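Residue numbers (our numbering): 5 to 260.
Where is the CB? At the ideal position from N, CA and C, for every residue including glycine.
Treat the numbers as computed from the prediction; the structure is a model and nothing was measured.
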């Protein structure tokens with residue numbers, strides 16, 4: 005009875021306060037800001053070309069086919085898709101770049117939908133989906149290298165070769181790109197030619213290296229400063245003496 009009585013009572017809408025009314029009436033405002041557009045020298049959308057389309061097949065050479073089989077054998081049968089990345093790298097090393105044919109052949113070998121392989125190849129910048137020059141010049145311009153003069157190194161390369169980052173020389177000898185962190189920050193600035201790192205560079209040194217490659221020579225990789233590995237530039241500061249032998253510092257009784 006009491007519940008039915010309550011149900012018949014009129015319901016009054018809550019009265020809004022002056023602050024709430026003002027908040028509703030006032031138009032919302034938001035500060036706008038604009039930043040520069042970040043552009044890339046890569047377009048991660050496939051465009052058919054006469055040499056790179058679905059009708060141009062790819063097949064591993066007998067030697068690489070054997071290597072591919074060894075790579076796939078490292079994974080359980082139900083996880084063969086784990087071999088996609090090393091197989092794409094193998095195909096790129098054979099052809100020179102990761103073409104659509106390479107991706108389709110890898111998808112066939114690991115029994116995966118081609119789209120899964122396309123996703124991997126377009127995500128990782130290590131896969132070049134367009135032909136590159138004989139020497140793939142990767143200039144690290146991340147913060148540590150930039151602080152050590154990588155901008156000057158990049159400009160020296162561009163001026164010496166007559167191309168900009170993202171372009172290939174007319175003789176197809178060099179392709180120049182900017183990359184993020186080559187992982188050799190202590191020896192910055194760093195430039196990779198294919199798989200070899202050249203470190204502690206100067207504008208004069210990088211021009212000399214480019215000229216050597218033009219002559220068909222291969223300069224010795226590593227720091228051009230003369231230091232060994234990643235040791236300090238002035239020279240080693242620790243472990244400068246011959247290491248002590250077994251038993252050093254032990255009590256005489258414990259040496260017996």
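(1) Within the continuous beta strand (DSSP E) that includes residue 124, where are the two ends?
(2) Between residue 72 and residue 245, what straight-line distance do the alpha-carbon atoms span, to the nearest angstrom?
(3) Which word fits residue 6, buried or exposed, when buried means at least 16 other C-beta atoms lie within 10 angstroms of its C-beta?
(4) Identify, in the order they occur along the chain, each residue of the same chain with its Cβ nearer than 7 Å to the Cβ of residue 102, setting aside the five sequence neighbours on each side.
(5) Let me know the alpha helix (DSSP H) ranges lying completely inside the segment 141-192, each 4 residues or longer, listed in chain order.
(6) Where does residue 195 sit, in a helix, a strand or coil, going by DSSP?
(7) What whole-angstrom Cβ distance do residue 142 and residue 186 have, given they're in contact under 8 Å?
(8) Starting from residue 139, follow its DSSP beta bridges and name the residues at the other end.
(9) From residue 168 to residue 162, what does the alpha carbon distance come to, in whole angstroms?
(10) In whole angstroms, what separates the C-alpha of residue 76 from that of residue 114?
(11) Among 200, 226, 193, which one has its Cα closest to the Cα of residue 151?
(12) Short of 6 Å in beta carbon distance, which residues of its chain neighbour residue 60, apart from the five on each side in sequence? Order them along the chain.
(13) Considering just the uninterrupted stretch of the alpha helix (DSSP H) at residue 215, what are its terminal residues?
(14) Consult DSSP for residue 74 and reduce its assignment to one of helix, strand or coil.
(15) Flag residue 182 as yes if its beta-carbon sits less than 9 Å from any beta-carbon of chain C, otherwise no.
(16) Would residue 177 pass as a contact of residue 217 if the rule is Cβ separation under 9 Å?
(17) What separation, rounded to the nearest whole angstrom, lies between the Cα atoms of residue 190 and residue 149?
(18) Go ahead and label residue 214 buried or exposed: buried means 16 or more other beta carbons lie within 10 angstroms of its beta carbon, across all protein chains shown.
With the structure as the only source:
(1) It is not in any beta strand (DSSP E) - residue 124 instead sits in the alpha helix (DSSP H) that spans 118-127.
(2) 47 Å
(3) Note that residue 6 scores a pLDDT of 49, beneath 50, so its modelled location is shaky and nothing firm can be said.
(4) 92, 95, 96, 125, 131, 132, 133
(5) 147-151, 154-165
(6) strand
(7) 7 Å
(8) 178
(9) 5 Å
(10) 8 Å
(11) 193
(12) 105
(13) 207-218
(14) helix
(15) No chain C appears in the structure shown, which is made up of a single protein chain.
(16) yes
(17) 9 Å
(18) buried
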